[in-house]
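Student: The structure's right below; bear with me while I get my questions together.
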Amino acid sequence: MSKEVSQKFKDALLLQPPEQRWECPNCDLKDVTRESQPHTRFHSCGGLKGITAPMVPAGTRCEVKANVREDYVGDQDVHWDDEGKPIMSVTTTRDDGQDCAVLAPCAGVRGEVQ
Amino acid sequence: MAWSASAVFRAYVTDLVQGVVENQGATSMDWVEVTTAKAALYNNTGTPDKDVASASSAYNTGQWVTGNEVADGANWAAGGVAITGRTVTNPSTGVIMMDATDTPSTTSTATLAAVFGCLVYSDSITTPVADQGFCFNYFGGTNTVTSGTFTIVWHANGVFRATV
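Pasting the structure below:
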């Protein structure tokens, strides 16, 4: 290899992060990401009535399910689906395990002037 | 006893207004400037109380003792996982919103059972109360992950917010 080509390699060698293809078993969305760190792609899922749900690596055999809140809502600022149900979490059940994305309510402070 | 709601600690707001806690250094409770804020996971044994004194709102005190904590080694460490991408914004009239990037487990091989909620606290503050809490967030029931990824997806309205 010539000195010039070798130097070009030293200057310009930059590996792209691996491509990760995603799909959603509940809607038609597909996506591609390029990140070196472990990551999950979330989306607003039409198949789960608008809830924020994780996508799964393309070709993964799994079930992605939204779980309704198990307790009273009261005045809590929770996540609602398009049918007005309070959703607590989204679980992804695979052959070799289960992921869980909890949809955390927002904690609030309210001020008053009397 | 058990979880029933999410809330901001009264002591946090009191300490902010009185200048007991500051925005950087050893007394930092600044949501953005604090070096490390963490989310520690808890089962349903304790009874979170927003009105406790500062000393009982901290990690490993009062209801937040490690005996009530849910952890899994390096996957979701005891003491919690760092909350990153913290911001403070004013999205609408009268609203101050404290938000963050969604918080995933450190690995995709976590196993956690009966997770009911989390304590959000400053891992940077050491005085007057070490690891003082900002707020706690009740997930609404029991949650489990098996050899997988556990992610806290923060609400679009933030981790916590104040309305004036």
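If you're matching them up, the sequences are chains Y and V in order. Quick note on our numbering: the first sequence kicks off at 736 and runs consecutively. Quick note on our numbering: the second sequence kicks off at 336 and runs consecutively. Glycine residues also receive a C-beta, built at the ideal position from the N, C-alpha and C atoms. None of these values were measured; they are calculated from a predicted model.
1) Assuming VAL464/V is part of the beta strand (DSSP E), what are its boundary residues?
2) Does ASP830/Y have its Cβ less than 8 Å from a Cβ in chain V?
3) Of all Cβ atoms in chain Y, is any one closer than 8 Å to the Cβ of ARG421/V?
4) Cβ closer than 7 Å: which chain Y residues qualify as neighbours of PRO294/V?
5) Which residue marks the beginning of the beta strand (DSSP E) containing ARG496/V, and which one marks its end?
6) Examine chain Y for any beta-carbon lying closer than 8 Å to the beta-carbon of THR484/V, and answer yes or no.
7) Quick check: what's the CA-CA separation for THR349/V versus THR424/V?
8) Kindly indicate which residue of ILE822/Y, LEU764/Y, ASP834/Y and PRO753/Y has the alpha-carbon position closest to the one of ASP806/Y.
9) Buried or exposed: SER427/V, going by 16 or more other Cβ atoms within 10 Å of its Cβ?
10) When you compare only the Cα positions, how much space is there between VAL369/V and ASP458/V?
11) Round the Cβ separation of CYS797/Y and ARG845/Y to the nearest angstrom and send it over; I've been treating them as touching at under 8 Å.
12) Nearest to VAL356/V by CA position, among GLY475/V, THR462/V and THR477/V, is which residue?
13) Give the interface partners of THR481/V over in chain Y, defined as CB-CB distance under 7 Å, in chain order.
14) Roughly how many angstroms separate the alpha carbons of LYS385/V and VAL367/V, rounded to a whole number?
15) Using beta-carbon positions only, say whether THR484/V and THR775/Y come within less than 8 Å of one another.
16) When you compare each of GLY381/V, VAL430/V and TRP489/V to SER339/V by their alpha carbons, which one comes out closest?
17) Along the region 448-473 of chain V, what residues have a CB closer than 9 Å to any CB found in chain Y?
18) Since THR498/V meets chain Y, which of its residues come closer than 8 Å, beta carbon to beta carbon?
19) Could you name the residues of the region 340-372 of chain V whose beta carbon sits closer than 8 Å to any beta carbon of chain Y, in the order they occur along the chain?
20) Using a Cβ-Cβ cutoff of less than 7 Å, which residues in the same chain neighbour VAL813/Y once the five nearest sequence positions on both sides are dropped?
21) Quick check: CYS759/Y and MET790/Y, are their CB atoms within less than 8 Å of each other?
22) If we define contact as Cβ-Cβ less than 8 Å, is GLY397/V a contact residue for chain Y?
23) Look up TRP399/V in the DSSP assignment and say whether it is helix, strand or coil.
24) For SER824/Y, which residues in chain V fall below 9 Å Cβ to Cβ?
25) Mind pulling the chain V residues with CB within less than 7 Å of HIS778/Y?
26) Would you report the Cα separation of GLY809/Y and GLU404/V, rounded to the nearest angstrom?
27) Find the residues of chain V that neighbour THR787/Y, judging by a C-beta separation of less than 8 Å, and give them in chain order.
28) Taking 7 Å as the cut-off, is the C-beta of ALA409/V nearer than that to any heavy atom in the ligand FMN?
Tutor: In short:
1) Premise fails: VAL464/V is in no beta strand (DSSP E) and is neither H nor E.
2) No, ASP830/Y lies away from the interface with chain V (no Cβ there is under 8 Å from its Cβ).
3) Chain Y, which has no Cβ nearer than 8 Å to the Cβ of ARG421/V, makes this no.
4) With chain V running from 336 to 499 in the structure shown, residue 294/V is simply not present.
5) 495-498
6) yes
7) 21 Å
8) ILE822/Y
9) exposed
10) 8 Å
11) CYS797/Y to ARG845/Y, Cβ: 41 Å. No contact.
12) Nearest of GLY475/V, THR462/V and THR477/V to VAL356/V, Cα basis: THR462/V.
13) GLY832 and GLN833
14) 22 Å
15) yes
16) GLY381/V
17) VAL450, GLY452, CYS453, VAL455, PHE469, CYS470, PHE471, ASN472 and TYR473
18) GLY843, VAL844, ARG845 and GLY846
19) ALA340, SER341, ALA342, VAL343 and VAL348
20) Only ARG804, PRO821 and PRO840 meet the Cβ criterion.
21) yes
22) no
23) Helix.
24) Ordered by position in chain V, the residues that pass the 9 Å Cβ test against SER824/Y are PHE474, GLY475, GLY476, ASN478 and VAL488.
25) Under the 7 Å cutoff, chain V gives no residues; its nearest Cβ is about 12 Å from HIS778/Y.
26) The straight-line gap from Cα to Cα measures roughly 25 Å.
27) Residues of chain V with a Cβ closer than 8 Å to the Cβ of THR787/Y are, in chain order, VAL488.
28) This structure simply doesn't include the ligand FMN, nor any ligand for that matter.
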